[in-house]
Amino acid sequence: MEKKQQYRPSVAAGVGMTLLLILLLASCNGAPRSASIDEPTLIDVTDVDSELAESVAETIELIDATPYSSSLRGRLAMMYEVNHFPSEALVMYEQAALLDPKEFSWWYLGALIEKKQGDFDAALAKIQQAIAVDPGYVPAYLHQGNWLLEQNRYDEAVAAFNEAASLGAGSPAAVGLAQVYLRQENFQSVIDVLTPYAQTLPHPQIWRLLAAAYAPLGFQQEAEVARALGQKAIPLLWLDPITQRPNKYVRGFGRRLAYAQSLLSAERYAEALRELERLQAIRPDDEILINNLSVAYDKTGQFDKAVQTLERGIDLAPNQFRFYVYLGDLLYRAGGNEEAIDLFNRSLQINDRNAECYERLGSVLMRLERFSEAISAFEKAIEFGHSNVAGIRLRMGTIQGYKEKWEEAIHQFSQVVRLEPGNADGHVFLLHALVGDDRLQEADTALQWAIRLGIDSQSLQPVVDAIAQKNGQVDPQSP
Amino acid sequence: MREACSTSGALAITCLAFCYGCGNSDDATASGSADGVAWFSEESIQRGVEFVHVSGHRDKHLLPEITGSGVALFDMNGDGWLDIYLVQSGSLTQLESDDIYLNELYLNQGDATFAKQQFATSAADAGYGMGVAVGDYDNDGDSDLYVTNVGENRLYSNDGTGIFTDVGSSALSDANWGTSAAFLDLDRDGDLDLYHANYLYWSVEVELDCYSSGVLTYCPPINYRAPAIDRLYRNNGDGTFEDITSNAGIDVAFGNGFGVIGSDYDNNGYVDVFVANDLTVNQLWMNQGNLVFQDEAMTRGSGVDGFGIAKAGMGVVSADPDRDGDFDILVVNLTGESDSYFRNDGTHFTDSTSEVGLSAPSRKYTRFGVVLADFDNDGWLDLYHANGGVSPVNLSAEDVYAEPNVLFRGTQDGRFAEVRPLGGTNTSLVHTSRGLAVGDIDNDGGLDLVVVNRDAQAYVLMNRYPNRGNWMSFSIKTSHGGYANGALVTFASNGRQIYGTVRPEGSYLSSNDPRVHFGLGKALSVEDVRVMWTTGEVEEYGDFRAGQFIELREGRGNPSEWPHSP
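In structure tokens form, the structure reads like this:
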């Protein structure tokens with residue numbers, strides 16, 4: 010985006026000069042009114058985003074009137090950041106920090122952008138400034154530790170993570186320390202630092218790191234279990250409320266819609282609904298908006314409105330297959346099984362490769378004990394790339410087990426534990442199916458896995474008894 | 251400059267016509283440090299390569315339009331010179347039915363200039379093209395082509411002179427959105443099987459409107475929630491293939507597949523397959539033998555990065571930059587995400603991206619094509635990224651997705667350092683780059699590049715690095731005369747054991763020069779050259795002076811043992 014720097018002649022001072030001034034003024038309190046200050050950076054988005062252009066123009070006008078206001082320049086920075094103009098945001102955060110070096114957010118948010126753009130030196134310098142302003146903000150140390158780790162500065166990373174830990178960061182600090190120790194091949198320290206969290210917060214990242222430490226120390230069985238429990242690709246995240254500050258400056262339909270979706274993902278349904286209803290006034294017929302609006306209504310307990318929204322969507326765009334899926338889902342949850350099946354089938358007539366729809370159709374059919382049809386639908390869901398293959402196979406195996414088709418059930422449950430070796434339900438169900446099929450030796454292996462994965466012995470007792478009973482009955486010579 | 255090819259009495263060696271002296275390429279113009287000098291010059295027009303990619307984008311943003319297409323560098327007629335096959339995309343709608351967009355084939359005229367071939371009965375392929383794989387699937391001694399499309403894929407058999415016949419796709423029946431593919435001998439039976447990655451289940455009807463920077467643009471794949479199953483085809487040995495996806499166990503794990511690479515990562519003698527997935531967990535299909543595979547990406551540490559994040563995997567490459575005798579994996583990702591350098595530690599992989607110096611500098615751009623190759627012939631692999639955004643990068647630019655490509659020099663401590671001028675060219679080249687292939691186009695011992703740019707002219711980047719080191723290039727061929735994809739080669743040089751493999755697959759949607767190129771630095775020769783064929787047999791071929799193209803033919807060496815790395 011072209012930067013227009015148009016209304017003062019001193020523009021060329023540039024970022025370098027700004028940084029120099031920042032260093033010189035870092036110890037000052039309050040706004041350094043005697044210093045010269047650069048122009049706010051401008052963007053030209055009038056043609057593509059009038060709402061953003063208008064907000065930027067308003068803020069610039071305010072800055073013009075109050076050129077030494079750190080908060081106004083910070084506001085513009087946040088506006089740029091959250092609307093995807095990171096370079097411009099960086100310049101504005103620097104200007105804001107220059108005017109008020111004691112404002113944590115400007116350093117901190119600037120540091121996060123620097124890191125995203127790959128300038129770790131600048132990111133680390135800014136996060137250090139932020140920490141100097143507020144030594145009590147835990148996420149700053151976690152970021153600092155991770156960035157130092159990525160720069161292979163291990164001792165400093167350990168210091169940062171230790172600081173975070175001393176402030177109560179808990180597992181994220183422990184994971185950070187473990188990552189450093191792993192790089193240093195200090196495997197025992199990895200185990201020492203993570204073991205307390207492995208049971209209380211069994212996050213896959215913790216298990217993955219433990220697996221990497223167990224193996225070289227020769228703890229192969231422990232490593233195998235830890236690998237199984239570390240299968241899911243979920244990053245370890247932590248709360249970082251400062252990063253939410255720029256969100257109120259989201260502008261433009263597309264960005265606001267994306268923001269509303271992020272609120273839905275974060276289960277902040279009431280906020281999402283407010284934003285979506287505002288967007289509805291702008292583009293009431295947007296298909297993605299309609300979908301999200303129905304979700305927001307549903308999640309805030311307004312079932313009828315959710316249904317009406319989707320029905321309106323179908324009227325507007327009868328070929329939008331997703332509307333039928335979501336409406337069917339709503340009706341299914343309200344007990345309208347046949348209506349749901351009808352809607353799922355109509356959706357599949359439009360797009361017959363929608364894994365999500367097949368999975369939902371299978372679920373309704375399973376509820377109605379139309380097992381053969383349910384299995385066919387589940388198979389299609391797998392064929393077309395459903396994200397939870399193990400979960401679907403678990404249900405298929407359950408159907409087969411219910412029908413005492415042990416071989417088929419064992420096949421499905423075996424696939425589950427093959428896909429997700431840490432899936433405790435998979436091992437337990439497999440165990441039951443193997444016992445049902447009198448395959449007692451294999452059942453014993455499944456039992457051992459269930460025990461190693463921490464299934465409590467009380468819940469396993471019935472199947473253990475069944476094995477014992479069958480062992481008494483079955484001729485050991487039989488195949 | 252021509253010399254005898256072999257310093258030993260290895261009669262088995264076929265000497266190619268292009269044997270140059272050690273080092274000191276024709277291009278050498280300077281001595282000492284090459285900091286700040288150009289490594290490449292862009293010469294597509296001078297060399298007769300006119301290909302302009304067409305994405306077909308009009309109004310609505312259709313996802314395949316942003317993914318670009320690939321390129322193959324291969325010798326179609328056995329004359330010892332690399333030819334270029336460029337995959338064209340075209341149009342995804344019926345609106346442009348009058349326009350037919352064909353893939354293009356350029357014949358190297360023996361001097362690294364190219365003549366576009368007119369297609370009569372050939373590999374022109376009018377599908378919405380994505381990628382290309384090269385291999386001698388029918389064991390007749392020449393290189394055949396497999397072209398992936400959005401829709402039906404095609405297999406083209408070469409008659410040895412560069413005339414291709416569409417042998418149909420009935421056996422290769424998948425008609426989804428194919429991306430990268432690889433010809434690999436997965437069952438060690440001496441013929442090439444085919445691994446085919448699919449991206450997601452897509453049609454115009456499922457398309458969505460997404461926004462970035464306030465404007466409508468292409469959606470991330472995660473919005474479609476439809477990662478597609480990859481396909482595995484067994485070569486039946488009679489020119490036909492059989493879909494064994496399900497029996498092989500490939501149908502149990504999914505991802506938005508973009509990049510494919512094969513290598514024996516656990517040294518069990520069988521080639522494994524790694525798939526780089528876009529915003530979904532990568533797959534590492536460990537070959538259990540008997541064409542049965544188990545996805546062990548997560549348990550072996552290559553499914554996600556060190557922080558547990560499934561990044562936007564695009565291109566992938568596998569090589570041995572740290573010279574420890576096994577093959578590491580490098581996946582390139584979206585802007586803001588670093589590359590993922592998975593170092594092979596024998597039994598598992600470790601995300602070592604920061605240790606190799608790529609954590610910070612690789613985040614600036616969105617990378618698609620990627621190669622690890624020794625461009626300066628100093629013995630250390632360098633890294634080239636072909637870049638371009640998937641959402642608008644610069645709204646005021648003519649091409650809003652355009653980004654510069656980046657070159658990294660491999661250093662002696664196993665790290666990579668960004669080269670200036672940016673991308674190694676004096677004139678900054680800024681387009682939306684996608685497919686990328688590496689090979690020695692002018693047979694001067696320096697590796698060149700071809701880059702496909704979305705909706706723009708392709709680059710032909712000729713290696714102009716001054717005072718390149720010595721080098722060696724091996725054409726490793728089966729007893730039938732075709733390139734032995736997956737065969738390993740090793741030799742001793744300056745007291746070190748160096749390893750390489752015949753690996754045309756990799757990068758993004760593309761196929762590289764199948765010859766195995768080694769930069770040797772100041773070394774004047776290589777000793778005790780051995781090849782492990784995909785069948786597991788090992789042959790020894792003796793010693794060679796540097797600066798030569800050497801053909802090593804299966805069955806013509808002396809039986810030997812494989813020198814495993816310490």
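These protein sequence lines are chains R and H, in that order. If you use our numbering, the first sequence closes out at 488, no skipped numbers anywhere. If you use our numbering, the second sequence closes out at 816, no skipped numbers anywhere. C-beta atoms are modelled at their ideal positions from N, C-alpha and C, and glycine is treated no differently.
{"Query": "Integer Cβ distance of Gly732 (chain H) from Gly391 (chain H), believed to fall under 8 Å", "Result": "5 Å"}
{"Query": "Near-chain R residues of the segment 551-574 of chain H - C-beta to any C-beta below 9 Å", "Result": "Gly551, Gly553, Val554, Asp555, Gly556, Phe557, Gly558, Ile559, Ala560"}
{"Query": "Delimiting residues of the beta strand (DSSP E) encompassing Gln798 (chain H)", "Result": "798-803"}
{"Query": "Within 8 Å, strictly: CB atoms of Ser609 (chain H) and Thr603 (chain H)", "Result": "yes"}
{"Query": "Classification of Asp324 (chain R) by the beta-carbon crowding that lies within 10 angstroms, buried from 16 upward", "Result": "exposed"}
{"Query": "Against chain R: residues of the segment 453-466 of chain H by CB proximity under 8 Å", "Result": "Ser453, Glu455, Val456, Leu458, Asp459, Cys460, Tyr461, Ser462, Ser463, Gly464, Val465, Leu466"}
{"Query": "Cβ-based burial, Ser274 (chain R) [other Cβ within 10 Å; buried from 16]", "Result": "exposed"}
{"Query": "Beta carbon proximity, Val425 (chain R) to chain H, threshold 8 Å", "Result": "no"}
{"Query": "Own chain, CB closer than 7 Å to Glu451 (chain R), minus 5 neighbours either side, in chain order", "Result": "Leu443"}
{"Query": "Cβ contact check for the segment 383-402 of chain R and the segment 358-365 of chain R: 3 or more pairs under 8 Å", "Result": "yes"}
{"Query": "Classification of Gln541 (chain R) by the beta-carbon crowding that lies within 10 angstroms, buried from 16 upward", "Result": "Given a span of 10 to 488 for chain R in the structure shown, any question on residue 541 (chain R) remains unanswerable."}
{"Query": "Candidates H:Gly575, H:Pro571, H:Ser810, H:Thr597: closest to Tyr591 (chain H) by CA position", "Result": "H:Pro571"}
{"Query": "Any 3 or more C-beta pairs closer than 8 Å across the segment 618-637 of chain H and the segment 712-719 of chain H", "Result": "yes"}
{"Query": "Proximal residues to Ser725 (chain H) (C-beta, below 6 Å), its chain only, five neighbours per side dropped", "Result": "Arg765, Glu801"}
{"Query": "Contacting positions in the segment 265-279 of chain R - beta carbon closer than 8 Å to chain H", "Result": "Leu266, Ala267"}
{"Query": "Same chain, Cβ closer than 8 Å to Asp329 (chain H), neighbours up to 5 away in sequence not counted", "Result": "Asn358, Gly360"}
{"Query": "Separation of Ala652 (chain H) from Val752 (chain H), as counted between CA atoms", "Result": "33 Å"}
{"Query": "The segment 108-124 of chain R in contact with the segment 65-83 of chain R per 3-pair CB rule at 8 Å", "Result": "yes"}
{"Query": "Inter-stretch contact at 8 Å, needing at least 3 Cβ pairs: the segment 426-435 of chain R / the segment 448-464 of chain R", "Result": "yes"}
{"Query": "With 16 other Cβ atoms within 10 Å as the buried cut-off, status of Phe799 (chain H)", "Result": "buried"}
{"Query": "Secondary structure of Gly481 (chain R), DSSP reduced to three states", "Result": "helix"}
{"Query": "Which of helix, strand or coil DSSP assigns to Gln544 (chain H)", "Result": "strand"}
{"Query": "Residues from the segment 527-540 of chain H in contact with chain R, defined by Cβ distance under 7 Å", "Result": "Val531"}
{"Query": "Distance between Arg260 (chain R) and His635 (chain H) (C-alpha atoms, nearest Å)", "Result": "34 Å"}
{"Query": "Sub-8 Å separation of Gly638 (chain H) and Arg704 (chain H) beta-carbons", "Result": "yes"}
{"Query": "As assigned by DSSP and simplified to three states, the class of Thr603 (chain H)", "Result": "coil"}
{"Query": "Sub-8 Å separation of Leu686 (chain H) and Gly619 (chain H) beta-carbons", "Result": "yes"}
{"Query": "Same chain, Cβ closer than 8 Å to Phe262 (chain R), neighbours up to 5 away in sequence not counted", "Result": "Glu60, Leu288, Ile291, Arg292, Asp295"}
{"Query": "Short Cβ contact (8 Å threshold) for Ala131 (chain R) with Gln153 (chain R)", "Result": "no"}
{"Query": "Any chain R beta carbon closer than 8 Å to Thr398 (chain H)", "Result": "no"}
{"Query": "Rounded separation between Gly769 (chain H) and Arg573 (chain H) - CA only", "Result": "13 Å"}
{"Query": "Helix, strand or coil at Val382 (chain H) according to DSSP, with G and I counted as helix", "Result": "strand"}
{"Query": "Cβ shell of His598 (chain H) (< 7 Å), same chain only, five flanking positions each side left out", "Result": "Arg550, Gly551"}
{"Query": "Beta-carbon spacing of Ser588 (chain H), Asp578 (chain H) below 8 Å", "Result": "no"}
{"Query": "Nearest to Tyr102 (chain R) (by Cα), restricted to the options R:Val57, R:Val142, R:Thr50", "Result": "R:Thr50"}
{"Query": "Any chain H beta carbon closer than 8 Å to Asp58 (chain R)", "Result": "yes"}
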